[in-house]
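**Student:** The structure that follows is given in the form of structure tokens.
Residue numbers (the numbering used here), protein chains in the order written: chain A, 519 to 880; chain B, 519 to 880.
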């Protein structure tokens, strides 16, 4: 790599495409003749509005988003979304959640503040190492929505097929898989994603919401900021948005379009993940943590079974230029997050290093 | 100026120091040997934690913040703060607000959702062109706090002295004057400021809160994100913060420390504002909008009294390299925001241009 850059396997914030960073660098002191940096621009200026509009249009193209969906840029990350989803969508005060790990559990805890939460499926019995069967869920008639975390970053599991919601609205947290593969937006009522994993810098979530789910009045004690309609009715500029993040994700959207879109990303991501999983499946030292049918293409979790050996691996890998391979502090073990921006060579180099480490530690 | 940069008089986002932008540019592809951009760093990595800790320590030094105050970095901007202040501080459900323009009115409207709001002073009678007398406010005994917008960006007015709160907690929105002059933090229970005006990129507010005002439980329907204690108890990293903004404001803090701190900024800001107000006070074409005793050092509002002439001025000024001189769309007129990063030469050049424009339009 140029610039002596590290192979960064962080679960997020995470790698961004090098050519995107180069562009951002080159536009820092004077963005395209405006005489200012994007950070210095009024969000209501022509130059910034063009950046915003292109970002929205490019995302629409990338994901083939129908016209009856709104794209919102919202601050506060997943923690804010965990609250905003029930605050906005619980009309009847009833929702269903699928429990698959830390992030769905946090969403469940927050939703309980705002109404009745039915956990309709769970993989708790096996420490969230698989996605439970969601083909015949027991969904109350009056449920406002069914919520999933489509890729659980910590345990490294992902849905191979969407739940059968029996006609109810599907809400998905796509944070750690956003734009990693095609998805049919019409299958969802709402998709949200923190952008700091697969798309850009931390500090913003993208929300894609079907317009009929927007409500002007979501209750007398809901902050203005927490109403999706505040953002939808004002093109994400009711107040000053995270302009820098919009600028950066816009560049990543263009990069993806130029490089074959999400279809090409999926192909590349399948190849990349296979390099790692194939090795793990035959390794005597490392074992993949997630069940075969639920494995994430983005977050590959594994462990040696010996905490000291795991720590030794993390340390030696870092010294060799492979950073952030430690598993999430809540579950330990090891994890390689290989988002869109991680080149295949990075994964191949990691596997070569793992083989060497395995040989040295037989 | 280098880089053919514009004199940008935007009310926010606004100018940042050129040398700060240069540093950011130079660290883009590889931050100090980490092999990654700050945007790509795990917020829990050593490199990023060092950035965070330095930013907090430098701000503490700059503002001389006592140890019993916490510094928080929160997303959602002023709109989120308008709700979070009453959600967190209304223990008795009663607060007092001083009404001085758009931003205090927005804060009042949001606070009414959460309790009883007493507007204890207002400058509505003269279209918010002055700060009302706050020396003897009628504050209920059980009021949880007295809230002010210390510098109203739109009308360009600022407090010359703080209200007499009669022992009650003072809460201040310092967004458009943050770090523009010394302030005695102990006079306040809570100071918050959107950083996109005087300090850095949009997408983050700094909150400085006295520890005894933090409460673990702020009610059963408050989102986790909206509790200041969530952020205080986790060093602003309960969830992924706006890391990029922390990095950028940290650089601005260092720049300010290196350049004499807020004392030096105040001196420079008084000089800069005087260049403009002195001219306005003798101009036959332009008139300052704010009353003499309430004038902001940051946002200088003025008008010709003729909307077409105002528009002509904005257009010709822009062509001459002076951008964003249009007043806020809600009140019209003209406005020059001259935050810390606007060099004195920029204001002098603007006044020279205004004199020329005045001569041409007698």
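The beta carbon of each residue, even a glycine, is placed where N, CA and C say it ideally should be.
Quick caveat, the model's predicted, so the values are computed rather than measured.
1) Please list, in chain order, the chain A residues whose beta carbon lies closer than 7 Å to that of residue 523(B).
2) Measure the C-alpha to C-alpha separation of residue 777(A) and residue 623(B) and round it to an integer number of angstroms.
3) Does the CB of residue 718(A) have a neighbour CB from chain B at under 9 Å?
4) Just grab the DSSP bridge partners of residue 818(A) for me.
5) Quick one: give me the first and last residue of the alpha helix (DSSP H) that residue 622(B) is part of.
6) Ordered along the chain, which non-local residues of its own chain (more than five positions away) have a Cβ less than 7 Å from that of residue 654(A)?
7) Comparing alpha-carbon positions, which option in 701(B), 698(B), 876(B) lies nearest residue 800(B)?
8) From this set, 780(A), 610(A), 530(A), which residue's C-alpha is nearest residue 560(B)'s C-alpha?
9) What residues of chain B sit near residue 509(A), judged by a beta carbon separation below 7 Å?
10) Ordered along the chain, which non-local residues of its own chain (more than five positions away) have a Cβ less than 7 Å from that of residue 601(A)?
11) Are the CB atoms of residue 815(A) and residue 728(A) within a distance shorter than 9 Å?
12) Can a CB atom of chain B be found closer than 9 Å to the CB of residue 617(A)?
13) Which partner residues does residue 691(B) have in the DSSP bridge list?
14) With H, G and I counted as helix, E and B as strand and the rest as coil, what does DSSP make of residue 804(A)?
15) Over what stretch of residues does the beta strand (DSSP E) that includes residue 887(B) continue unbroken?
16) Under 8 Å, CB to CB, which of the residues in the stretch 760–771 of chain B have a partner in chain A?
17) Do you know how far the Cα of residue 858(B) is from the Cα of residue 635(A)?
18) Identify, in the order they occur along the chain, each residue of the same chain with its Cβ nearer than 6 Å to the Cβ of residue 844(A), setting aside the five sequence neighbours on each side.
19) From this set, 603(A), 852(A), 605(A), 823(A), which residue's C-alpha is nearest residue 836(A)'s C-alpha?
20) For residue 701(B), which of helix, strand or coil comes out of DSSP?
21) For residue 551(B), which of 839(A), 742(A), 846(A), 849(A) has the nearest alpha-carbon?
22) Go through its chain and collect everything with a Cβ distance to residue 754(A)'s Cβ below 7 Å, but skip five positions before and after it.
23) Where residue 646(B) and residue 525(A) are concerned, what is the direct C-alpha to C-alpha distance, given to the nearest angstrom?
24) Counting only Cβ pairs nearer than 7 Å, list the residues of chain B close to residue 883(A).
25) Taking the straight line between their C-alpha atoms, what separation do you get for residue 587(A) and residue 606(B)?
26) Report yes or no: is there a C-beta of chain A within less than 9 Å of the C-beta of residue 532(B)?
27) Using beta carbons (cut-off 9 Å, strictly below), is residue 692(A) in contact with chain D?
28) Leaving out the 5 sequence neighbours to the left and right, which residues in its chain are closer than 6 Å to residue 934(B) when beta-carbon positions are compared?
29) Please report how far the alpha carbon of residue 661(B) lies from the alpha carbon of residue 688(A), in whole angstroms.
30) Under 8 Å: do the stretch 712–723 of chain B and the stretch 570–589 of chain A share three or more Cβ pairs, one atom per stretch?
31) Within the same chain, show all residues whose beta-carbon is closer than 8 Å to that of residue 528(B), passing over the 5 residues directly before and after it, in chain order.
32) Would you please verify whether the beta carbon of residue 714(A) is less than 9 Å from any beta carbon of chain B?
33) Against chain A, which members of the stretch 556–580 of chain B pass a CB distance test of less than 9 Å?
34) Can you round the beta-carbon distance between residue 593(A) and residue 594(B) to whole angstroms, since I take them to be within the 8 Å contact cut?
35) Can you tell me whether residue 780(B) is buried or exposed, with buried defined as 16 or more other CB within 10 angstroms of its CB?
36) State the Cα-Cα distance for the pair residue 603(A) and residue 880(A), rounded to the nearest angstrom.
**Tutor:** Put simply:
1) 547, 548, 553, 554
2) 48 Å
3) yes
4) 854(A)
5) 620–629
6) 682
7) 876(B)
8) 530(A)
9) Coverage of chain A is limited to positions 519 through 880, which leaves residue 509(A) absent and any answer about it impossible.
10) 628, 744
11) no
12) no
13) 667(B), 710(B)
14) coil
15) Absent from the structure is residue 887(B), since the part of chain B shown begins at 519 and ends at 880.
16) 760, 761, 762, 763, 766
17) 50 Å
18) 832
19) 852(A)
20) coil
21) 839(A)
22) 590, 591
23) 55 Å
24) In the structure displayed, chain A extends from 519 to 880; residue 883(A) sits before or after that span and is not available.
25) 34 Å
26) yes
27) Protein chains A and B are contained in the structure displayed, whereas chain D is not.
28) Within the shown structure, residues of chain B are numbered from 519 to 880, placing residue 934(B) beyond reach of any answer.
29) 44 Å
30) no
31) 841, 842, 855
32) yes
33) 556, 557, 558, 559, 560, 561, 562, 563, 566
34) 5 Å
35) buried
36) 49 Å
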